[in-house]
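What follows is a set of notes on a single structure, which appears directly below.
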Amino acid sequence: MDEAMATLKHWPGEQLGCAHLDHHRTMRTGLPEVVFGENKSADQLIAILEKFKSHQALVMATRVDAAKAAQVRQALPELRYHPEARMLTGDLEAVAPDKGRGTIVVVTAGTSDIPVAEEAWLTARALGNPVERLYDVGVAGIHRLLGQRELLLAATVLIVVAGMEGALPSVVGGLVDKPIIAVPTSVGYGTGLGGIAALLGMLNSCAPGVAVVNIDNGFGAACVAAAINRT
Numbered sequence: 363m364d365e366a367m368a369t370l371k372h373w374p375g376e377q378l379g380c381a382h383l384d385h386h387r388t389m390r391t392g393l394p395e396v397v398f399g400e401n402k403s404a405d406q407l408i409a410i411l412e413k414f415k416s417h418q419a420l421v422m423a424t425r426v427d428a429a430k431a432a433q434v435r436q437a438l439p440e441l442r443y444h445p446e447a448r449m450l451t452g453d454l455e456a457v458a459p460d461k462g463r464g465t466i467v468v469v470t471a472g473t474s475d476i477p478v479a480e481e482a483w484l485t486a487r488a489l490g491n492p493v494e495r496l497y498d499v500g501v502a503g504i505h506r507l508l509g510q511r512e513l514l515l516a517a518t519v520l521i522v523v524a525g526m527e528g529a530l531p532s533v534v535g536g537l538v539d540k541p542i543i544a545v546p547t548s549v550g551y552g553t554g555l556g557g558i559a560a561l562l563g564m565l566n567s568c569a570p571g572v573a574v575v576n577i578d579n580g581f582g583a584a585c586v587a588a589a590i591n592r593t
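Under the numbering used here, the first residue of the sequence shown is numbered 363, with each subsequent residue one higher.
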């Protein structure tokens, strides 16, 4: 009883000096609160993540640069830093992949899109989903994608990440009968406008079943994919 009361003491929220933590979010939405690390100091991240460690199994922070991550890990060495995704997580091996109906497949147009795709892959994995990667299969060499048709068809939901003109989600949408979450990236030359060209291309897709998230938002795409995969 004492242990239960201690756990419930700060529910549904807990006020820190720098943040108001939402411990009730997993129960309410099925997705835990995840820390957006950009513009937070290392000390703020340490305080927040330490509290989450004591209340929830999943601890995760996005958009954390390497220098800040090193400071956080000095205080919380059990956390793991994923430099390509710029994320801090707890032990992903402790998360059983049993919350989804099937497999989420993360696809990228190019190698330059991989950091955003890795944010999506790690998030979906941390949320308990089986996840596969299929990278660098963009429209400039469409045979690379067509050669992986079996993997595409086996997916329950696909996250398709692309910069430049953002054409890949439309192509994938014409090949599969599964929901597609398109993620535009800020990869591209001048008229790519930091991902706006890819975003507009995806929003104007002629392929049915394509939904679009914000530029570089691999985390948001994975949360939507996880919600679809558990229904």
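We put the CB at the ideal spot given by N, CA and C, even for glycine. Please read these numbers as outputs of a predicted model, since none were measured by experiment.
Report task. State the start and end residues of the unbroken alpha helix (DSSP H) segment that holds P477. Result -> Indexing the sequence shown from 1 puts residue 477 at position 115. Unbroken alpha helix (DSSP H) run through P477: 476-488.
Requested in this report: Just confirm the distance between the C-beta atoms of S548 and G525, as a whole number of angstroms; I'd bet it's less than 8 Å.
Outcome: Here residue 548 refers to the residue found at position 186 when the sequence shown is read from its first residue. Here residue 525 refers to the residue found at position 163 when the sequence shown is read from its first residue. Indeed, because the Cβ distance is near 7 Å, the residues count as touching under 8 Å.
Report task. Verify the contact flag: D498, CB atom, against every heavy atom of the ligand MN, threshold strictly below 7 Å. Result -> The ligand MN is not part of the structure shown, which contains no ligands of any sort.
**Report entry** Beta-ladder partner(s) of Y443, from DSSP
**Finding:** Start at 1 with the first residue of the sequence shown, and residue 443 comes out as number 81. L450.
Query raised in the report: Which residues in the same chain as L537 place their Cβ atom closer than 7 Å to its Cβ, once the five residues preceding and following it in sequence are excluded?
Result: Taking the first residue of the sequence shown as position 1, residue 537 is located at position 175. Excluding sequence neighbours, L537 sits near R511, L514.
Query raised in the report: Who are I466's beta bridge partners in DSSP?
Result: Numbered from its first residue, the sequence shown carries residue 466 at position 104. DSSP, once it has assigned bridges, lists V493, V519 as partnering I466.
Report task. Go to A588, then tell me how far its alpha helix (DSSP H) extends in each direction, as first and last residue. Result -> Taking the sequence shown and counting its residues from 1, one reaches residue 588 at position 226. Residues 580-592.
Query - Residues bridged to P546 (per DSSP) - result: Looking up residue 546 in the sequence shown gives position 184. Answer is A524.
**Report entry** Under the three-state DSSP convention, the category A560 falls into
**Finding:** Counting from 1 along the sequence shown, the entry for residue 560 is found at position 198. Note: A560 maps to helix in three-state DSSP.
Requested in this report: List in chain order: all unbroken alpha helix (DSSP H) runs of 4+ residues lying wholly within the stretch 393-417.
Outcome: 404-417
Query raised in the report: Under 8 Å between the Cβ atoms of N591 and N491?
Result: Counted from its first residue, the sequence shown places residue 591 at position 229. Counted from its first residue, the sequence shown places residue 491 at position 129. It is a contact, given that the beta carbons lie within the stated cut-off.
Query raised in the report: Rounded to a whole number of angstroms, what is the C-alpha to C-alpha distance between E412 and L438?
Result: Numbered from 1 along the sequence shown, position 50 holds the residue referred to as residue 412. Numbered from 1 along the sequence shown, position 76 holds the residue referred to as residue 438. Approximately 8 Å between the Cα atoms of the pair.
**Report entry** Test item: CB-CB of E480 and H505 under 8 Å
**Finding:** In the sequence shown, residue 480 corresponds to position 118, counting from 1. In the sequence shown, residue 505 corresponds to position 143, counting from 1. Their beta carbons are not under 8 Å apart, which means E480 does not touch H505 by this criterion.
Query raised in the report: Could you check where the beta strand (DSSP E) with A573 kicks off and where it finishes?
Result: As a working note, residue 573 is residue 211 in the sequence shown. Its beta strand (DSSP E) spans residues 572-574.
Requested in this report: State the Cα-Cα distance for the pair I466 and I476, rounded to the nearest angstrom.
Outcome: Numbered from 1 along the sequence shown, position 104 holds the residue referred to as residue 466. Numbered from 1 along the sequence shown, position 114 holds the residue referred to as residue 476. Whole-angstrom Cα-Cα distance: 16 Å.
Requested in this report: Give the C-beta separation of P531 and V519 to the nearest angstrom, bearing in mind that I take them to be a contact with Cβ-Cβ under 8 Å.
Outcome: Here residue 531 is taken as the residue at index 169 of the sequence shown, counted from 1. Here residue 519 is taken as the residue at index 157 of the sequence shown, counted from 1. Contact doesn't hold; Cβ gap of about 13 Å is too wide.
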